[in-house]
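Numbering (the working numbering), first residue to last: -5 to 274.
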């Protein structure tokens, strides 16, 4: 599919396979409210966490291309699975052929960059989807920056369904939250920092804290990704001028509009309009 390579400034694109990326978008808009944003959720094909590398890459590239067509010069993959399984290939193999001036950024690197200043024991844990854990993206990124930090990971396959079915605050969620947090802490008793490696997990934070010792720091991604984006735009004025500033935000989904609005209300404290689009 031929891309619209117009150089006219456009909004910042934010993509997620589902709704979790709305937690990232909210923090970005809090810190950088002056910019325009497009949020695209591939809700019809979520979750990505259990899908193969090939399929996640294929779906993510479709979404990136769609956001480029809609005028975005900068796209944030607000999805750990897409960041783990598709980001590097898109950056290295696809962007040069699409438009070498456009950029796609992920959420794993900005999250990892803060770890060195937080952990004291140099032992950290990662709670994430099965796909993100299997990709070993977090250990790889941590060891690039902090070779001395020991990383343990635990897949939490039931947490996203709990959030997306509005079960996060119900008593039934406690079993699965305790199950996975206990399993992580059994792997390494020296863990003093835990990364929530999925954008859905901040909605489980009150319950997660019930089963994690108070002295363990829990790292939620939104504020770190937002701060990283602010720094990126400061360091890259050539990209900053390509991002329109009208404080607008548009929402798109591959699912039914009413379903998106109902589920998005769990993540956003505002009324939104959403349009349904197809990815191919």
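Every residue gets a Cβ at the ideal spot worked out from N, C-alpha and C, and that includes glycine.
Bear in mind the structure is a predicted one, so any value in this text is a computation, not a measurement.
CB of residue i within 8 Å of CB of residue j, strictly
{"i": "residue 219", "j": "residue 104", "result": "yes"}
{"i": "residue 84", "j": "residue 132", "result": "no"}
{"i": "residue 76", "j": "residue 11", "result": "yes"}
{"i": "residue 143", "j": "residue 189", "result": "no"}
{"i": "residue 43", "j": "residue 100", "result": "no"}
{"i": "residue 216", "j": "residue 20", "result": "yes"}
{"i": "residue 41", "j": "residue 157", "result": "no"}
{"i": "residue 129", "j": "residue 78", "result": "yes"}
{"i": "residue 113", "j": "residue 193", "result": "no"}
{"i": "residue 15", "j": "residue 108", "result": "no"}
{"i": "residue 68", "j": "residue 224", "result": "no"}
{"i": "residue 137", "j": "residue 182", "result": "no"}
{"i": "residue 33", "j": "residue 245", "result": "yes"}
Cβ neighbour criterion (16 or more within 10 Å) applied to residue i
{"i": "residue 24", "result": "exposed"}
{"i": "residue 207", "result": "exposed"}
{"i": "residue 235", "result": "exposed"}
{"i": "residue 275", "result": "Because residue 275 is not part of the residues shown, which for the chain are -5 to 274, the question remains open."}
{"i": "residue 139", "result": "exposed"}
{"i": "residue 160", "result": "exposed"}
{"i": "residue -5", "result": "Interpretation of residue -5 is limited by its pLDDT of 44, a score under 50 that renders its predicted location unreliable; no figure is taken from the coordinates."}
{"i": "residue 272", "result": "exposed"}
{"i": "residue 261", "result": "buried"}
{"i": "residue 242", "result": "exposed"}
{"i": "residue 46", "result": "exposed"}
Straight-line gap, residue i to residue j (C-alpha atoms, nearest Å)
{"i": "residue 274", "j": "residue 210", "result": "43 Å"}
{"i": "residue 166", "j": "residue 247", "result": "29 Å"}
{"i": "residue 71", "j": "residue 115", "result": "30 Å"}
{"i": "residue 180", "j": "residue 174", "result": "10 Å"}
{"i": "residue 232", "j": "residue 177", "result": "46 Å"}
{"i": "residue 270", "j": "residue 50", "result": "20 Å"}
{"i": "residue 292", "j": "residue 249", "result": "Only positions -5 to 274 of the chain appear in this structure, which leaves residue 292 out of reach."}
{"i": "residue 263", "j": "residue 229", "result": "31 Å"}
{"i": "residue 200", "j": "residue 168", "result": "11 Å"}
{"i": "residue 149", "j": "residue 255", "result": "28 Å"}
{"i": "residue 17", "j": "residue 1", "result": "29 Å"}
{"i": "residue 196", "j": "residue 94", "result": "34 Å"}
{"i": "residue 252", "j": "residue 53", "result": "23 Å"}
{"i": "residue 238", "j": "residue 172", "result": "44 Å"}
{"i": "residue 28", "j": "residue 240", "result": "6 Å"}
{"i": "residue 89", "j": "residue 267", "result": "30 Å"}
{"i": "residue 184", "j": "residue 97", "result": "38 Å"}
{"i": "residue 134", "j": "residue 59", "result": "27 Å"}
{"i": "residue 92", "j": "residue 39", "result": "24 Å"}
{"i": "residue 36", "j": "residue 55", "result": "12 Å"}
{"i": "residue 3", "j": "residue 227", "result": "14 Å"}
Only counting runs of 3 or more residues, tell me where the beta strand (DSSP E) segments fall wholly within the segment 179 to 212, in order along the chain. 187 to 190
Length at least 3, wholly inside the segment 77 to 105: the beta strand (DSSP E) runs in chain order: 97 to 99
Can you check the segment 208 to 254 for any alpha helix (DSSP H) of at least 4 residues that lies completely inside it and give the ranges in chain order? 216 to 229, 231 to 234
Cβ pair count under 8 Å reaching 3, the segment 61 to 81 against the segment 3 to 21: yes
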